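Chains as they are written, first to last, in our numbering: chain L, 1 to 262; chain E, 1 to 262.
Backbone N, C-alpha and C fix where the C-beta goes; we use that ideal spot for every residue, glycine too.
All figures in this text were calculated on a predicted structure; none of them were measured in a lab.
Below you'll find the structure, written out as structure tokens, and then a few comments.
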Ligand SMILES: NC(=O)c1ccc[n+]([C@@H]2O[C@H](COP(=O)([O-])OP(=O)(O)OC[C@H]3O[C@@H](n4cnc5c(N)ncnc54)[C@H](OP(=O)(O)O)[C@@H]3O)[C@@H](O)[C@H]2O)c1
Ligand SMILES: NC(=O)c1ccc[n+]([C@@H]2O[C@H](COP(=O)([O-])OP(=O)(O)OC[C@H]3O[C@@H](n4cnc5c(N)ncnc54)[C@H](OP(=O)(O)O)[C@@H]3O)[C@@H](O)[C@H]2O)c1
């Protein structure tokens, strides 16, 4: 049995709490948050506290708090030589106060409080200062059906950056498509199956292999018409830059005639 | 019963053929392709031909051929006053020869020959010169479990452009993430669940609502670190442009200090 104390009550902590509750080999001994409001409704299931001095002993303390709070909060923990991990993709392991044994338990997913999360779809990137602690984090990930990956600090920061591309930037592509189609009174629902299929394809095939479309085909007529159709200069810049990026990836050379419309 | 003659044997025609074969209210009377090779193995299921002069009468002729071939091939059809549609997102209805009644049957999905396609995930954008033909195309779409959408020429071209953003450009985001993570010997599999979740989220929520990450939060420390991590200038340009795009969407102002590294 692994005893866990959760620190923080945001998106990540809330999902971890629910997952640990359902895991047979994990017990959440305490749940701390600086404001009591977020956790008080759980008081029948676990011990909820908002005073760090009440923290008990546990196998691991999971600090799922805002990136900026990790360093300072880890300093104020009223104990030493225990195992403390944070859940951030970008914060260094060394930002945790060195009075405790440090680690990282970074769930590479996009959490929001409303949506349920099945942890079998959450890869967990783990890193520890002491090799002996690695197994515990692996067990913890597996206890909630997650797949653990041992990752170095540098790799984790690269993964966090890659996640911006596949998550935030892809989502912005959806947003721009939404803007463009809304302007012509087109129901965005029409595009949803294609969004899913695009994500599905790269589960089996590399993104390189699954690329299609006018940029990859170097279909100049369509490329020109699309630039003409785009009324927003920023959208045109994005269209040109990403078309060039696709063509570079696939070894094609094409230059848009004019960077600006008119 | 709707009788169909298919013209072309590429990705779209092949998937349509299989779907029509399974549809109770549709019969594929003939299947034409200029090269016999691609269709000859179907000769026991339908009449396969590679000579336009052998074309029989049917309720609708579906020309699923390369965009560039639509106009010329439609001219060479040896009949008039019949109903002919193409399947392209970008070709005008008026590119079809006006000696026949014209229409469009554009499946908004990304097809590839290997992968099976469930047409319940394929919205079909339909457009007809004569209003009376609209119902037949609707029935045809519904016969293969697709959802038909009546769309104008302008809307269809905007949808085709939007599809480039959600499909080709998102896929290029996956590709860049693949490059970045490969360079650090990170298994791309770790990113796949996030790719799926990102696409899943916008099935229920708008892309505006589902945006997260350092650009949206205006997390300057992370934005700077990411730019520093990116070794490829093109990747940096994309990071900056898309960060600015997200920030504009969400009403945030942030300027990257230096456009170029070093
Ligand atoms: N959201 C994701 O998709 C995701 C994915 C992977 C990793 N992460 C990482 O997981 C961590 C938590 O993210 P989150 O999305 O759960 O954040 P969140 O929903 O914004 O919640 C932040 C939590 O941190 C607490 N907190 C903030 N500043 C604090 C301070 N100075 N002292 C004590 N507590 C403080 C907040 O307490 P109050 O309730 O009192 O405000 C809240 O419980 C971050 O490191 C993040 O990078 C997030
Ligand atoms: N692929 C998609 O995801 C997708 C999605 C929606 C709409 N579409 C549209 O559907 C249409 C077909 O696309 P596709 O992907 O199926 O294309 P494809 O796989 O490249 O197949 C093209 C077909 O057109 C035939 N063809 C080409 N030039 C011809 C000519 N001059 N005369 C007669 N036949 C000719 C080819 O015949 P041969 O076999 O003899 O070469 C082949 O059967 C296009 O308008 C495309 O824009 C495609």
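At a cut-off of 8 Å, the C-beta of residue 225 (chain E) has a neighbouring C-beta in chain L. Buried is the label assigned to residue 177 (chain E), since at least 16 other Cβ atoms lie within 10 Å of its Cβ. Under a criterion of Cβ atoms nearer than 7 Å, the residues of chain E adjacent to residue 181 (chain L) are, in order, 158, 159, 162. Listed along the chain, the chain L residues whose CB falls inside 8 Å of the CB of residue 121 (chain E) are 193, 196, 197. Exclusion of the five residues before and after residue 17 (chain E) leaves 6, 28, 31 as the residues of its chain whose Cβ lies within less than 7 Å of its Cβ. Distances from the alpha-carbon of residue 20 (chain L) to those of L:197, L:160, L:45, L:205 put L:45 closest. Take residue 95 (chain L), set aside five residues on each side of it, and the residues of its chain with a beta-carbon closer than 6 Å to its own are 70, 71, in chain order. Leaving aside the five residues that flank residue 201 (chain L) on each side, the residues in its chain whose CB is nearer than 8 Å to its CB run, in chain order, 210.
At least 8 Å separates the beta-carbon of residue 93 (chain E) from that of residue 77 (chain E). Rounded to whole angstroms, the separation of the alpha carbons of residue 204 (chain L) and residue 84 (chain L) is 37 Å.
Here the C-alpha atom of residue 227 (chain E) lies approximately 40 Å from the C-alpha atom of residue 88 (chain E).
No Cβ-Cβ contact shorter than 8 Å links residue 109 (chain L) with residue 184 (chain E). Interface residue (Cβ-Cβ distance to chain E less than 8 Å): residue 237 (chain L) is classified as such. Residue 18 (chain E) has a beta carbon lying at 8 Å or more from every beta carbon in chain L. Our two residues, residue 135 (chain E) and residue 82 (chain E), have alpha carbons roughly 16 Å apart in a direct line. Counting C-beta atoms within 10 angstroms of its own C-beta, residue 158 (chain L) has 16 or more neighbours from the protein chains shown and is therefore classed as buried. The alpha-carbon separation between residue 4 (chain L) and residue 224 (chain E) amounts to approximately 34 Å. Not a single C-beta of chain L is nearer than 8 Å to the C-beta of residue 15 (chain E).
Interface criterion met: the Cβ of residue 166 (chain E) is under 8 Å from a Cβ in chain L. For residue 67 (chain L), the shortest C-beta to heavy atom distance toward ligand 1 is below 7 Å. For residue 63 (chain L), the pairing in a beta bridge is given by DSSP as L:7, L:86. Between the stretch 231-244 of chain E and the stretch 133-147 of chain L there are fewer than three C-beta pairs closer than 8 Å, too few to call the two in contact. For residue 251 (chain L), no pairing in a beta bridge is given by DSSP.
Rounded to the nearest whole angstrom, the CA to CA distance from residue 61 (chain L) to residue 253 (chain E) is 37 Å. In the structure shown, the three-state DSSP call for residue 78 (chain E) is coil. With fewer than 16 neighbouring CB atoms inside 10 Å of its own CB, residue 112 (chain E) falls in the exposed class.
Here residue 153 (chain L) is exposed. Its C-beta has fewer than 16 other C-beta atoms within 10 Å.
Taken atom to atom, the span from the alpha-carbon of residue 192 (chain E) to that of residue 125 (chain L) is near 14 Å. By the neighbour-count criterion, in which 16 or more other beta carbons inside 10 Å mark a residue as buried, residue 22 (chain E) falls on the exposed side. Burial is judged here by how many other beta carbons sit within 10 angstroms of a residue's own beta carbon; residue 1 (chain E) has fewer than 16 and is exposed.
The nearest non-hydrogen atom of ligand 1 is less than 7 Å from the C-beta of residue 9 (chain L). At a cut-off of 7 Å, the beta-carbon of residue 86 (chain E) counts as near ligand 2: some heavy atom of the ligand is closer than that.
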